[in-house]
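Chemist: Structure provided below as structure tokens; questions to follow.
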Amino acid sequence: MLSKVLGAVGAVLLIVGVVLAVRPVHAGGDSCGSVFQPDKGITPMQCDARLSSRGTLVTGFGGGGAALLVTTLTVAAVRDRRTHVAS
1 MLSKVLGAVG AVLLIVGVVL AVRPVHAGGD SCGSVFQPDK GITPMQCDAR LSSRGTLVTG
61 FGGGGAALLV TTLTVAAVRD RRTHVAS
């Protein structure tokens, strides 16, 4: 049960990170593009703060989701190993 909950939360965090990464950022009515692909022809100072803070959010959500998924796999492997050793 624990591994299912951790896996679900990790997957949700990864999805949120991807959505935030591809969603366009706007600053003062101007489109700045997304974290992956900034728009061409924008003055960097217009969008630097917004893109930087969005990049931080994407890194946090993506890293947290990946860490939870690795934890899920570790918990599942330890439980599987315990059942094989106990038998």
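Everything in the sequence shown is counted per the UniProt record's numbering, starting at 1 for the first residue and increasing by one. Note that CB positions come from ideal geometry on N, CA and C, so glycine has one too. Keep in mind the model is a prediction, meaning the values are calculated, not measured.
Comparing alpha-carbon positions, which option in H84, T74 and L57 lies nearest R23?
Modeler: Taking only the C-alpha atoms, the option nearest R23 is L57.
Chemist: Out of V19, Q46, G17 and A21, state which residue places its alpha-carbon closest to the alpha-carbon of S31.
Modeler: The candidate whose alpha carbon is nearest that of S31 is Q46.
Chemist: Beta strand (DSSP E) containing V25: first to last residue?
Modeler: Taken as a continuous stretch (DSSP letters only), the beta strand (DSSP E) holding V25 covers V25 to A27.
Chemist: Answer with buried or exposed for V35, where buried requires no fewer than 16 other C-beta atoms within 10 angstroms of its C-beta.
Modeler: Burial call: buried.
Chemist: What residue range is occupied by the uninterrupted beta strand (DSSP E) comprising S31?
Modeler: Counting along the chain, the beta strand (DSSP E) containing S31 begins and ends at D30 to G33.
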